[in-house]
Amino acid sequence: MPQLHRPLKVALVGYSFMGSIHAQAWATAPRFFDLGVDPELAVVCGRSADAAGSFARKFLVDRVETDWRKVVTDPEVDVVDICTPGKLHSPIALAALEAGKHVLCEKPLANSLEEARQMTMAAENAATCGVKSMVGFSYRRTPALAYAKQLVDNGSIGTIRHVRAAYLQDWITDEDFPLVWRLDREQAGTGALGDLGAHIIDLAQHLTGHKIAGVSALTETFVPTRPLPSTSGGLSGTSAHSAGTAERGEVTVDDAAIFLARTDRGALATFEATRFASGRKNALRIEVNGSKGSFAFDFEALNELEFYDNTQPTSSEGFRRILVTEPEHPYAGAWWPAGHGLGYDHTFVHQIADFVRCIAQDKTPSPSFRDGLQVQQVLAAVEASAAGQQWQPVGHVPATA
Ligand code: SOE
1 MPQLHRPLKV ALVGYSFMGS IHAQAWATAP RFFDLGVDPE LAVVCGRSAD AAGSFARKFL
61 VDRVETDWRK VVTDPEVDVV DICTPGKLHS PIALAALEAG KHVLCEKPLA NSLEEARQMT
121 MAAENAATCG VKSMVGFSYR RTPALAYAKQ LVDNGSIGTI RHVRAAYLQD WITDEDFPLV
181 WRLDREQAGT GALGDLGAHI IDLAQHLTGH KIAGVSALTE TFVPTRPLPS TSGGLSGTSA
241 HSAGTAERGE VTVDDAAIFL ARTDRGALAT FEATRFASGR KNALRIEVNG SKGSFAFDFE
301 ALNELEFYDN TQPTSSEGFR RILVTEPEHP YAGAWWPAGH GLGYDHTFVH QIADFVRCIA
361 QDKTPSPSFR DGLQVQQVLA AVEASAAGQQ WQPVGHVPAT A
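Written out as structure tokens, the structure reads:
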């Protein structure tokens, strides 16, 4: 196991939306969770020294770097937290793992299947020397969804027949919203599919324990050109800080992806990922129907889980709303009194807490890079199905290398 600094020294690469929420989580996790070792955000790294500098002032980070290569090999760094556009996930993670750093990598794991495979191999090699890695499917750590997982695991849902998943946002419905990096294939790999679809693919597989075995998909780019951003680096990916120019550039990713799926254990599933669902801001929804019951969740009401118990007398059965804020519920006991509720940022705090505990206790974090690779296989199958207009089996990823 690599020798750790105390506090654990963390280098954050990327300072935009994800960088900020991770920075907040690194600071908050030790205040609410007993971690075994306290983390300290020691370095922030990003292309623009000015932007990284103002981020560092805001989040009280002492050191700023502009070259990630310097950071990932620095003996003063224990953990590398990757919050960059997808294009850089693979080179940064490979270099950091090679240097023996623990790695937390934002989702989707990579921009291509090949990169995801290499990253998984590197992570599993490094794991033999005690190096930990984890991919940031943060929604797993929403208390209501972690509780839904307990319902599946304790048999309350029974044999699962259906998964209905959707991730709906609307931030690019305006045709003049600028061409930010998330709309560029080179930077982001895919569009709504990898950004939003990856979350619901991971959740569907994680919550049910099934793997997606094949898909039939449609993808669409509704707005094929958009104004070029007026300042380079001035756009954070989901919000425009400056207006676009009159010149337009090509959108090279999907705006929406819809697919049907079969799982390896005989369930049927539907998925929808879109940035064009006017009025839906962050509606990550998932419903699972089984022989003994169902649950339904919508992130826009994230403290609630709907549960239907099929074993109740028919006269009194019906969906009931569980407020997942009791101390018995996953993660909730670390926070506020029942009913006071948590938000989006708490899921990232839980992610950091679990990751640091795994480092401190020499345990294997989850979701692993291999889980990220499994999701990447599904993303690739969706793209292939949409392109070839045909049913596409999902390449199988065995549980370990
Ligand atoms: C943008 O669509 C985005 O920030 C995703 O990239 C995140 O993973 C999701 O949590 C919120 O929306």
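All residue numbers for the sequence shown refer to my numbering, where the first residue is 1 and numbers rise by one. For each residue, glycine too, the CB sits at the ideal point set by N, CA and C.
Top-ranked residue by Cα proximity to residue i, from the options
i	options	result
S368	R226, G333, V253 and M134	M134
V10	P327, A25 and F17	A25
P227	E175, A267, L284 and Q205	E175
G266	S291, C105 and N111	S291
R280	E220, L97, I200 and D170	D170
D202	V382, V378, A387 and E124	V378
V349	F137, T208 and E186	F137
L245	S230, V13 and I258	The displayed chain sequence assigns Thr, not Leu, to residue 245. Comparing Cα-Cα distances from T245 to each of S230, V13 and I258, the minimum goes to S230.
L4	H162, H206 and V356	V356
A56	L35, A27 and R262	A27
L35	R320, M121 and D354	D354
V288	T263, A273, F276 and R275	T263
M403	A296, W391, T325 and G372	No answer is possible for residue 403: it lies beyond the span of the chain, which begins at 1 and ends at 401.
F32	A334, S366, Q390 and T364	A334
W68	Y15, R248, G158 and E40	Y15
V152	M119, A204 and K132	A204
R415	W391, A387, A384 and H329	Because the chain in this structure spans residues 1 to 401, residue 415 falls outside the shown range and cannot be described.
G388	A127, N125, S316 and T219	T219
D309	G293, D81, P224 and L109	G293
R47	G395, G19, T159 and Y167	G19
R275	V215, G155 and L196	L196
L183	E106, T225, H206 and A126	T225
I286	D50, A148, A93 and N111	A148
E326	E317, G318, W336 and F319	W336
Check: residue i C-beta below 7 Å from any heavy atom of ligand 3
i	result
D255	The model depicted lacks ligand 3 and carries ligand 1 instead.
Residue i: CB within 7 Å of a non-hydrogen atom of ligand 1
i	result
F222	no
F17	yes
Q169	yes
K87	no
H22	no
K107	yes
N282	yes
L196	yes
H199	yes
Unbroken beta strand (DSSP E) run spanning residue i, endpoints
i	result
R285	A283 to G290
L183	Unbroken run through L183: none, as it is neither H nor E.
D153	No beta strand (DSSP E) contains D153, which is instead part of the alpha helix (DSSP H) from P143 to D153.
F17	Counting along the chain, F17 falls outside any beta strand (DSSP E), though it belongs to the alpha helix (DSSP H) covering F17 to F32.
H162	I160 to L168
V80	V79 to I82
V43	P39 to C45
Whole-number beta carbon distance between residue j and residue i, since they are thought to touch under 8 Å
i	j	result
T190	V253	5 Å
A213	P393	7 Å
F307	I322	6 Å
H102	I359	6 Å
P342	N303	Looking at the sequence provided, one finds Leu at residue 342 rather than Pro. About 6 Å separates the two Cβ atoms, so the contact holds.
F271	I200	6 Å
V71	A257	No, V71 and A257 are not in contact; Cβ-Cβ is about 34 Å, not under 8 Å.
F435	L41	The shown model of the chain, from 1 to 401, leaves out residue 435, and the question about it has no answer.
V61	V37	19 Å between Cβ atoms; not a contact.
G86	Q150	Not a contact, Cβ separation roughly 32 Å.
T73	A99	5 Å
P108	Q376	6 Å
L12	D81	5 Å
Residue i: first and last residue of the uninterrupted alpha helix (DSSP H) it sits in
i	result
I212	Taken as a continuous stretch (DSSP letters only), I212 belongs to no alpha helix (DSSP H), being part of the beta strand (DSSP E) at I212 to E220.
H340	Per DSSP, H340 belongs to no alpha helix (DSSP H) and is neither H nor E.
H206	A198 to T208
A387	F369 to G388
E106	From DSSP, E106 is part of no alpha helix (DSSP H) but of the beta strand (DSSP E) over H102 to E106.
M119	L113 to A127
I92	H89 to E98
F55	A49 to K58
V13	Premise fails: V13 lies in the beta strand (DSSP E), L8 to V13, not in any alpha helix (DSSP H).
R280	First-last for R280: undefined, no H or E at that position.
V72	W68 to V72
Test: residue i CB closer than 8 Å to a CB of chain D
i	result
A267	The structure shown contains no chain D; it holds only a single protein chain.
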